[in-house]
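Only one structure is covered here, and it is reproduced in the block below.
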Amino acid sequence: MIFNSLFALLATLTVAHSLPSPSPFLEDQQEYPPEIIEVMFPDHSKYLNPDNETDTFWGPQSKHFNWDTNPALPRAAQEEFYWITYDKSVDPKELQDKDRQYNMTCYANLISWQSSGSHRTIELNTEPPYIKSLSNETWQDIVKKANVICPTGECLKKDNGCDGLEIPKWDQDYLDNYDPDTKAKSRRAVNTNLGRLGGNTASDVEDYEDDDDDEGVLD
C-alpha cells in the first residue's frame, strides 16, 4: 500500500517536472508587447522589401513593421521599404511595368518608444500631406510619435513621361512644418469666396488645391 502511494507520487512529480516551461519568447512578448506601425498601401501601388524581392505585394493591402520594446535589445528607429506607384488611369488588373510612375524609398519611422507597445495604422497617398492616420491619431501624434517618410524617389516614366508629375517625396521636416488646420481653413475660405463670385466649380477648387499643396514639397 505504502509502495503504491510512493509510486503514484513519484509518477506525478515526474510528469510535473517534464511539463514544458513557458516559452521565453512568449514571456517577452507579454512583458514587452511590440510597437507596430501598420502601413496601408493604396491601389495602383506596390510594396517591395529592399532586402527580399519575394516580400512584395500589390495594394490595397497593409504591411506590419514591428519593433521589440525590450530595453535590453538593440533598437533601430526606421524600417526601409520601397513604394512603387502606377498610373491611376490604367485598370488595376492590367498594370504593367510601363505603367509605373514613381519608385520611392520610404521608412516606417518610430520616433517615440512606449514599453507598453502600440499599434498605429498609416495610409500612404501620392497627394499632400502624403500620409493619414487610420487609427485616430492626431496630426501631432503622427509627427511626434510614429509616421512614414519617403525622402527620396525617382520617376520611372520613359520618353519625357515625367513632365508634369510631382514626385511624392517628403521628410520629417515637411511633416513638422505642415499645418493641417491652416490648410483646412484656407480651403474653406476659398470655397466661400468662389461661391460668392458665382464659381465654386470642381475645376476652380482643384486649381486652388494644386497651387496650395505645392508648399513644402521637397525639390
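Going by the numbering used here, 46 is the number at position 66 of the sequence shown; the sequence numbering is gapless. Ideal Cβ placement from N, Cα and C applies to all residues, glycine included.
Can residue i and residue j be called in contact, C-beta distance under 8 Å?
{"i": "I102", "j": "K125", "result": "no"}
{"i": "T106", "j": "T65", "result": "yes"}
{"i": "N89", "j": "N127", "result": "yes"}
{"i": "P160", "j": "P109", "result": "yes"}
{"i": "T49", "j": "Y87", "result": "no"}
Could you tell me which residues DSSP pairs with residue i in its beta bridges?
{"i": "K26", "result": "W38, I64"}
{"i": "I102", "result": "V19, S113"}
{"i": "Y154", "result": "BP columns for Y154 are empty, so no partner."}
{"i": "V135", "result": "According to the sequence as given, residue 135 is Cys; it is not Val. DSSP output for C135 lists Y82 as bridge partner(s)."}
{"i": "N50", "result": "The partner list for N50 (beta bridge, DSSP) is empty, contrary to what the question assumes."}
{"i": "L90", "result": "A126"}
{"i": "E59", "result": "A88"}
{"i": "K43", "result": "V19"}
Classify residue i as buried or exposed, calling it buried when 16 or more other Cβ atoms lie within 10 Å of its own Cβ.
{"i": "K149", "result": "buried"}
{"i": "R80", "result": "buried"}
{"i": "G144", "result": "exposed"}
{"i": "L53", "result": "exposed"}
{"i": "L104", "result": "buried"}
{"i": "L114", "result": "exposed"}
Cutting at 6 Å between CB atoms, please list the residues of its own chain near residue i, excluding the five before and the five after it.
{"i": "C142", "result": "C135"}
To which residues of the same chain is residue i closer than 8 Å at the C-beta, ignoring the five residues directly before and after it?
{"i": "H24", "result": "G39, T65, Y66, D67, K68, V70, P72, L75"}
{"i": "I16", "result": "H44, F45, N46, W47, G97, S98, H99, R100"}
{"i": "A57", "result": "N89, L90, I91"}
{"i": "K112", "result": "I102, E103, N105"}
Once you ignore the five residues that flank residue i on each side, which residues in its own chain have a CB closer than 7 Å to its CB?
{"i": "T36", "result": "K26, Y27, L28, N29"}
Exercise. For the region 57 to 72 against the region 23 to 39, are there 3 or more C-beta pairs whose distance is under 8 Å?
Worked result: In short, these stretches touch, since the Cβ pair count reaches three.
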